[in-house]
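*Asks:* Below you will find the structure I want to go over with you.
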Amino acid sequence: MDISYIMLATLRGWLAVVAVMAFGNTLQCFRNHGFLADRLYTGTPDLVNGLQARLFGMWTLLAAIVRLYCALDITNRSLYYVTMSSFVLALGHFLLETFVYQTATLDIGVITPIIVSGVSLVLMVVGLWHMEPAESYQQHQGRAVDTKVLLEQEMLKARKKRT
Numbered sequence: 010m011d012i013s014y015i016m017l018a019t020l021r022g023w024l025a026v027v028a029v030m031a032f033g034n035t036l037q038c039f040r041n042h043g044f045l046a047d048r049l050y051t052g053t054p055d056l057v058n059g060l061q062a063r064l065f066g067m068w069t070l071l072a073a074i075v076r077l078y079c080a081l082d083i084t085n086r087s088l089y090y091v092t093m094s095s096f097v098l099a100l101g102h103f104l105l106e107t108f109v110y111q112t113a114t115l116d117i118g119v120i121t122p123i124i125v126s127g128v129s130l131v132l133m134v135v136g137l138w139h140m141e142p143a144e145s146y147q148q149h150q151g152r153a154v155d156t157k158v159l160l161e162q163e164m165l166k167a168r169k170k171r172t
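Quick note: the sequence shown uses the numbering used here, first residue 10, plus one each step.
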């Protein structure tokens, strides 16, 4: 099986898991605004209020939707770059809140999103190396390119080679 398809399939799975985690965080933000004060903004918990929690929840929901769509359509370059941008924003946000504004402390609630965003960015950059060249991608516009079908075709080729 081609390493490019394996890489993109792995990235799709990673993005789906990250999106599901973000949906869970979204629910927490809407259910209990104390979640942010207890888990993220522990440096200044008195600044956390219901409005901020709901706004953070909506931002997280939007990021989850974008990441899930990217997992479903990994070859869509525009969506791919928007998804990468969502990780840049998340990483920047948590680093700024921790080291510049000091509203968050470096504990598990902040370290986790920093690691997830950083790892996701690295995986997405590596994934870019395994995507079709832009010229080849442009030939596919107008018809859907289903990575699952491509993966199945590669698996069939590999089975035929073994027999």
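All residues carry an ideal CB built from backbone N, CA and C; glycine is no exception.
#1: By DSSP, does T107 sit in helix, in strand, or in coil?
#2: From what residue to what residue does the alpha helix (DSSP H) around T172 run?
#3: Do you know whose CA, among Y110, F103, S129, lies nearest I120's CA?
#4: My output table needs one value for V97: the three-state DSSP class, helix, strand or coil.
#5: Of the residues G59, T172, K170, M140, which one's Cα is nearest the Cα of L159?
#6: Nearest by alpha-carbon distance to F65: which of Y78, N41, I12 is it?
#7: Are G101 and T51 closer than 8 angstroms when you measure CB to CB?
#8: Would you check if there are 3 or more beta carbon pairs closer than 8 angstroms linking the stretch 15 to 31 to the stretch 104 to 118?
*Replies:* Taking the geometry as given:
#1: helix
#2: Neither: T172 is in no alpha helix (DSSP H) and is coded neither H nor E.
#3: F103
#4: helix
#5: M140
#6: N41
#7: no
#8: no
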